[in-house]
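Written below as structure tokens is the structure these notes are about.
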Amino acid sequence: MTKILAVDDSASMRQMVVFTLQSAGYEVVEASDGLLALDAAKSGHFDLVLTDVNMPNMDGIALVRELRQLEAYKYTPILMLTTETAGDRKMAGRSAGATGWVVKPFNPDKLLATIKKVIG
Amino acid sequence: MSLDISRSHTLPAALPGFQSIKRYWDNAMAISTAKLMPGEVYVTKQDEMIMTVLGSCVSACVRNPRTQVGGMNHFLLPQKGAHAVVPSIEGAAARYGNWAMEVLINEVLKFGGCKDDLEVKLFGGGKVLDSMTMDIGLRNIEFVFGFLEMEGIRVQAHDVGDRYPRKLLYFPNTGKVRVCKLQNTNQATVVRREAAYLQDIKNKPLEGEIDLF
Chain A
0 MTKILAVDDS
10 ASMRQMVVFT
20 LQSAGYEVVE
30 ASDGLLALDA
40 AKSGHFDLVL
50 TDVNMPNMDG
60 IALVRELRQL
70 EAYKYTPILM
80 LTTETAGDRK
90 MAGRSAGATG
100 WVVKPFNPDK
110 LLATIKKVIG
Chain B
0 MSLDISRSHT
10 LPAALPGFQS
20 IKRYWDNAMA
30 ISTAKLMPGE
40 VYVTKQDEMI
50 MTVLGSCVSA
60 CVRNPRTQVG
70 GMNHFLLPQK
80 GAHAVVPSIE
90 GAAARYGNWA
100 MEVLINEVLK
110 FGGCKDDLEV
120 KLFGGGKVLD
130 SMTMDIGLRN
140 IEFVFGFLEM
150 EGIRVQAHDV
160 GDRYPRKLLY
170 FPNTGKVRVC
180 KLQNTNQATV
190 VRREAAYLQD
200 IKNKPLEGEI
210 DLF
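Which chain is which? The protein sequence lines are A and B, in order. Heads up: the first sequence begins at 0 in numbering that gives the first Met the number 0, then just goes up one per residue. Heads up: the second sequence begins at 0 in numbering that gives the first Met the number 0, then just goes up one per residue.
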């Protein structure tokens, strides 16, 4: 089963994301910030990481940078799911190694189609 | 020396992302003022006032007293759709409400602090039409209290529900709020504006862009 790591500091946002992903048949593990996500990524294997940008402790862009240093996540699709629309933040995400940038509020069908596309 | 009045009325620069919000100089209060319409959010670190008029809509006023950065949103959840997620608040509405709250909270926190520092006040959600079969205001109130409870954020003050539209004046620098309950003569305009907004988001649901790099 395809396994996704969903990272967001907002509990209600995680609830919506998890519901959307599970209803499409994905196995989902949640993390509430970048540091916890990095721990989860190291102790398991994920086919895709879906992460918020603005989070305490370690933000989403730093998380992408850290994940790309790990052999196991060099080529894993990483999508940012964020309220951020600023061009400089998006460019920072791209430079860090993110696969794509999804702006909230998300359309569940389009989010799932994008995930399917990047997982390949 | 002559007093340069026009210079004293120069509005402070809006933060990035909020330049499109309508602002003006309020002569009576002698302060730069941002006027919020349904669906808008405004955050400032300047000495400004944010004003809005709420019917069944809800506004959250959020500030960090330590950084004195604060702002307000003005939201109305869209009507029922598919994907029930949160009990009683279906998916499309919850996603929209979450977005309205998250944008506001994130922008305030960009200038420092954490969620525990936030001072939150809630207003609006009136049952402004007797004939409404569904209490839209109550739905908005339930959503915002549920959201904040789930996020572990305490509500410091609120004035919600009842039958009246409210005119809300918020001063993010100090956290002070002035609420004026409007009488019947003003209700028609508020109801018409909210109905038009609901129709807008029904015709063109708010959703963010997707970019693959």
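Glycine included, each C-beta is placed from N, C-alpha and C at the ideal position.
| Asked | Found |
| --- | --- |
| Of the residues that make up the stretch 89 to 105 of chain B, which ones have a beta carbon closer than 8 angstroms to any beta carbon in chain A? | 90, 93, 94, 95, 97, 98, 101, 102, 105 |
| If distances are taken between C-alpha atoms only, which option among A/111, A/37, A/8, A/107 comes closest to residue 206 of chain B? | A/107 |
| Can you list the residues of chain A that residue 141 of chain B reaches, using a CB-CB cut of under 9 angstroms? | Near residue 141 of chain B there are no residues of chain A at all, since even the closest Cβ is about 13 angstroms away, more than 9 angstroms. |
| Round the Cβ separation of residue 51 of chain B and residue 28 of chain B to the nearest angstrom and send it over; I've been treating them as touching at under 8 angstroms. | Incorrect: roughly 15 angstroms between the Cβ atoms, too far for contact. |
| Going by DSSP in three states, residue 14 of chain A sits in which element: helix, strand or coil? | helix |
| Just to confirm, are residue 117 of chain B and residue 152 of chain B a CB contact at a threshold of 8 angstroms? | yes |
| Where in the stretch 130 to 203 of chain B do unbroken runs of the beta strand (DSSP E), each at least 3 residues long, occur, reported from the N-terminal end onward? | 154 to 159, 165 to 170, 175 to 180 |
| In the DSSP assignment, the beta strand (DSSP E) including residue 72 of chain B goes from what residue to what residue? | 68 to 72 |
| Relative to chain B, which residues along the stretch 92 to 115 of chain A have a C-beta separation below 7 angstroms, given in chain order? | 93, 97, 98, 99, 100, 101, 102, 103, 104, 105, 106, 107, 109, 113 |
| Closer than 7 angstroms by beta-carbon distance: list the chain B residues that pair up with residue 57 of chain A, in chain order. | Here the premise fails: no neighbours, minimum Cβ distance about 14 angstroms. |
| For residue 29 of chain A, report the span of its beta strand (DSSP E) as first-last. | 26 to 30 |
| Please tell me whether residue 60 of chain B and residue 54 of chain B are closer than 8 angstroms, where the distance is taken between their beta carbons. | no |
| Got a sec, what are the start and stop residues for the alpha helix (DSSP H) residue 95 of chain B sits in? | 90 to 108 |
| Could you tell me if residue 15 of chain A is buried or exposed, where buried requires 16 or more neighbouring beta carbons within 10 angstroms of its beta carbon? | buried |
| Rank B/46, B/20, B/74 by C-alpha distance to the C-alpha of residue 135 of chain B and give the top, closest one. | B/74 |
| Kindly list, in the order they appear in chain B, the residues whose Cβ is closer than 9 angstroms to that of residue 82 of chain A. | 98, 101, 102, 105, 106, 207 |
| Using a cut-off of 8 angstroms between C-beta atoms, extract the partners of residue 149 of chain B located in chain A. | 10, 11, 14 |
| Can the beta-carbon of residue 197 of chain B be found less than 8 angstroms from the beta-carbon of residue 160 of chain B? | no |
| The stretch 9 to 35 of chain B: which residues have C-beta closer than 7 angstroms to a C-beta of chain A, in chain order? | 15, 16 |
| What would DSSP say about residue 77 of chain A, mapped onto helix, strand or coil? | strand |
| With DSSP collapsed to three states, give me the class of residue 84 of chain A. | coil |
| Using a Cβ cut-off of 8 angstroms, pull out every chain B residue sitting near residue 48 of chain A, in sequence order please. | Within chain B, no residue comes near residue 48 of chain A; the closest Cβ sits about 14 angstroms away, beyond 8 angstroms. |
| CA-CA distance, residue 71 of chain A and residue 200 of chain B? | 42 angstroms |
| So if DSSP puts residue 62 of chain B in a beta bridge, which residue, or which two residues, is it bridged to? | B/69, B/118 |
| Work out the CA separation of residue 103 of chain B and residue 40 of chain B for me, nearest whole Å. | 7 angstroms |
| With DSSP as the reference, identify every bridge partner of residue 127 of chain B, one or two as the case may be. | Bridge partners of residue 127 of chain B: none, in fact. |
| Identify the residues that DSSP records as bridge partners of residue 34 of chain B: which are they? | B/50 |
| Quick check on residue 205 of chain B: does DSSP put it in helix, strand or coil? | coil |
| How should residue 171 of chain B be labelled, buried or exposed, when 16 other C-beta atoms within 10 angstroms of its C-beta is the threshold for buried? | buried |
| Would you say residue 73 of chain A lies against chain B (beta-carbon separation less than 8 angstroms)? | no |
| Tell whether a beta-carbon distance below 8 angstroms holds between residue 101 of chain B and residue 50 of chain A. | no |
| Run the CB neighbour count on residue 90 of chain A, radius 10 Å, all protein chains shown included, and call it buried at 16 or more, exposed below. | exposed |
| Rounding to the nearest angstrom, what Cα-Cα distance links residue 100 of chain A and residue 191 of chain B in this structure? | 36 angstroms |
| Kindly identify the DSSP beta-bridge partner or partners of residue 50 of chain A. | A/6, A/79 |
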